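Residue numbers (the UniProt record's numbering): 1 to 430.
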C-alpha cells in the first residue's frame, strides 16, 4: 500500500505538469514526511552527499565537454566527409554515412543528442539537395543518434551504474558489440529498402580513387585515435572512466587545435553548455536518490519480489512488462528520469530473478533509445527536426518507424542470446 502511495504521488505531480526531477523529489519528500514527519528528512544530507560525492559521476561533465568541443568546432563535417567514400556505393549510398558517422561520433560523445546534432547539421542539407527521401534521411539520422548512449562511453550507463553499483568498464564493454550490431541492422534495413525502392536514394556509380580514400582516411583518423585513447585506457585498466574522460577532453582540444578550430569563444560556449547539461543530469541523480531512499523505506521492492514469487512470474514475462512500462513512460519522460524511477524499485526483483545486472544495463539503455524516438517527447526527433527548416517533426517520426521496429526486434534478440552483451565483459576485468 505504501508503495502505491509514493508512486501515486509521483504520477500525480507529473500529470499535474511538474518537471520530472522536481516531481521525483517532491514525491520522495512528501512520502517521508507522511510516514515520519520532518524527522524523516534527517538522513537526506547523507543520502544526497553520498550521491553527489562520487568520483564516477565526475566523468559525466568530462564526456559532455569532449563532445561539445568537437561539436562546436564543426569537425563533424570532416568525420562525415571522411566516412562517406567508404559506404556511398552501397544500396542507400550516403544514408550509411549517417549510421557509420553516428557510430563513430557516439564513441566520443557519450550521448544521443550531441550525436544526432553533429550528423544532422551536416547530412540533412547535403542529402536533401542530392534527392534522397527526406523521411528516410531523417529517420536514419534519428536512429543513428540513439547509438550515442549504447556505444561507449555512455552517460546513461554511468547513471545506471550509480543506482546498481555495477562496473562502468564492464557496462561499456557490454554495450560495444550490441551497438555495432544494431548499427549493422540499421544499415541492413537501409540496403533492403533502397534495393526494393530505388527512388528512395540515388545510385552513386562514381569510381573511387586511392587519393580520395587516402584523404577520407585522414579525416577519420583523428577521431579513431581519440576513441582508442579514451576506450583503450579504460579497457586496458590504465585509467578509470573519469580519468579517461579528462584525457578525452585534452584530446578533443588537440584535434580542434590541429585543424585550427580551437579558440577562446569555442571553449567558453562549450563550458557553458557542459555546465548546463551536467547540472541538469546531476540534479536528476540527486533527486532520484531521495526517491530511491523513500521507496526503500516503503518496501516497494520487497513487495514486488514477493508478488513475483507468489505469481511464479518468469524472467521473460518480467522483461516484457518492463518493456511496456518503459514504452509508456517514454511518451512523456526523458531517459534518465525513467532509469532513476524504475531501476531502484525493481533492483531487488532483478536479483531475485537472477537477471545479470550488466546485461540488464544494456537492455535498459536500448529501452531508453526507444523512448528517445517516441513522440510526443522523443528528444532525438526534435534534435533532427531542428537541424533543418526543410524537415518537419512528422517527417522524422514517420522516418523512424522502421528503425523503431528494428530496435524492438533487437531487444528480443538480446533476450534470446544474452551473450551478445556479455561476451566482451567476460574477457575484461571489472
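Using N, Cα and C, we set each Cβ at its ideal position, and we do this for glycine too.
All of these numbers come straight from a predicted model, not from anything done at the bench.
Sequence-distant residues of its chain with Cβ nearer than 8 Å to residue i (five each side left out)
{"i": "residue 430", "result": "Residue confidence is low: residue 430 scores 45 on pLDDT, short of 50, so the model does not pin down where it sits. No coordinate-derived value is stated."}
{"i": "residue 242", "result": "55, 56, 58, 59, 62"}
{"i": "residue 413", "result": "420"}
{"i": "residue 204", "result": "88, 89, 93, 94"}
{"i": "residue 272", "result": "none"}
{"i": "residue 150", "result": "106, 175, 178, 179, 182, 362, 365, 366, 369"}
{"i": "residue 74", "result": "261"}
{"i": "residue 395", "result": "134, 135, 138, 385"}
{"i": "residue 258", "result": "222"}
DSSP three-state assignment for residue i, whether helix, strand or coil
{"i": "residue 313", "result": "coil"}
{"i": "residue 145", "result": "helix"}
{"i": "residue 165", "result": "coil"}
{"i": "residue 430", "result": "No answer about residue 430 holds up, because its pLDDT of 45 lies below 50 and its placement is not dependable."}
{"i": "residue 154", "result": "coil"}
{"i": "residue 262", "result": "coil"}
{"i": "residue 239", "result": "coil"}
{"i": "residue 19", "result": "coil"}
{"i": "residue 56", "result": "coil"}
{"i": "residue 74", "result": "coil"}
{"i": "residue 12", "result": "helix"}
Extent of the continuous alpha helix (DSSP H) run through residue i
{"i": "residue 132", "result": "Looking at the DSSP string, residue 132 is not in any alpha helix (DSSP H), and its letter there is neither H nor E."}
{"i": "residue 434", "result": "This structure does not reach residue 434, given that the chain is present from 1 up to 430, and the question cannot be answered."}
Among the options, nearest to residue i - alpha-carbon criterion
{"i": "residue 377", "options": "251, 350, 337, 365", "result": "337"}
{"i": "residue 127", "options": "388, 103, 184", "result": "388"}
{"i": "residue 409", "options": "18, 366, 252, 332", "result": "366"}
{"i": "residue 80", "options": "31, 69, 141", "result": "141"}
{"i": "residue 7", "options": "250, 210, 26", "result": "26"}
{"i": "residue 114", "options": "136, 88, 95, 146", "result": "146"}
{"i": "residue 354", "options": "313, 89, 272", "result": "313"}
{"i": "residue 152", "options": "131, 164, 179", "result": "179"}
{"i": "residue 439", "options": "398, 390, 403, 190", "result": "The structure shown does not extend to residue 439, since the chain is modelled only from 1 to 430, so the question has no answer here."}
{"i": "residue 160", "options": "261, 364, 422, 327", "result": "364"}
{"i": "residue 369", "options": "82, 335, 305, 270", "result": "335"}
{"i": "residue 381", "options": "116, 105, 341", "result": "116"}
{"i": "residue 427", "options": "107, 172, 319, 154", "result": "172"}
{"i": "residue 104", "options": "121, 125, 82", "result": "82"}
{"i": "residue 266", "options": "69, 229, 329, 201", "result": "69"}
{"i": "residue 41", "options": "403, 285, 294", "result": "294"}
{"i": "residue 225", "options": "195, 214, 252, 102", "result": "252"}
{"i": "residue 351", "options": "372, 333, 308, 392", "result": "308"}
{"i": "residue 96", "options": "18, 20, 192", "result": "192"}
{"i": "residue 65", "options": "111, 23, 35", "result": "111"}
{"i": "residue 249", "options": "232, 238, 270, 198", "result": "270"}
{"i": "residue 425", "options": "357, 371, 288", "result": "357"}
{"i": "residue 207", "options": "372, 11, 411, 86", "result": "86"}
{"i": "residue 283", "options": "17, 24, 422", "result": "24"}
{"i": "residue 320", "options": "360, 162, 218", "result": "360"}
{"i": "residue 17", "options": "422, 392, 333, 233", "result": "333"}
{"i": "residue 415", "options": "400, 403, 322, 344", "result": "322"}
Beta-carbon contacts of residue i that lie in its chain and below 7 Å, excluding the five residues immediately before and after
{"i": "residue 302", "result": "348"}
{"i": "residue 9", "result": "27, 30, 31"}
{"i": "residue 397", "result": "375, 381"}
{"i": "residue 278", "result": "60, 61, 64"}
Residue i CB to nearest heavy atom of the ligand MG below 7 Å
{"i": "residue 168", "result": "In the structure shown, the ligand MG is absent, as is every other ligand, since no ligand is present at all."}
Own chain partners of residue i with C-beta closer than 6 Å, once the 5 adjacent residues on each side are dropped
{"i": "residue 406", "result": "185, 189"}
{"i": "residue 77", "result": "122"}
{"i": "residue 230", "result": "244, 248"}
{"i": "residue 109", "result": "67, 115, 148"}
Quiz item: If you scan the stretch 273–329 from start to end, which runs of the alpha helix (DSSP H) of 4 or more residues do you find wholly inside it?
Solution: Runs found: 300–311, 315–329.
Practice problem: Would you mind listing the alpha helix (DSSP H) stretches within the stretch 81–127 that are 4+ residues and don't spill past its ends, in chain order? | Solution: Taken in chain order, the complete alpha helix (DSSP H) segments of 4 or more residues contained in the stretch 81–127 are 95–109.
Quiz item: Going along the chain, which unbroken runs of the alpha helix (DSSP H) with 4 or more residues stay wholly within the stretch 160–217?
Solution: For the stretch 160–217, whole alpha helix (DSSP H) runs of length 4 or above, ordered along the chain, are 168–196.
Quiz prompt | Complete alpha helix (DSSP H) runs within the stretch 331–405 (minimum length 4 residues, chain order) | solution = Within the stretch 331–405, complete alpha helix (DSSP H) segments of at least 4 residues are found at 335–352, 357–372, 379–385, given in chain order.
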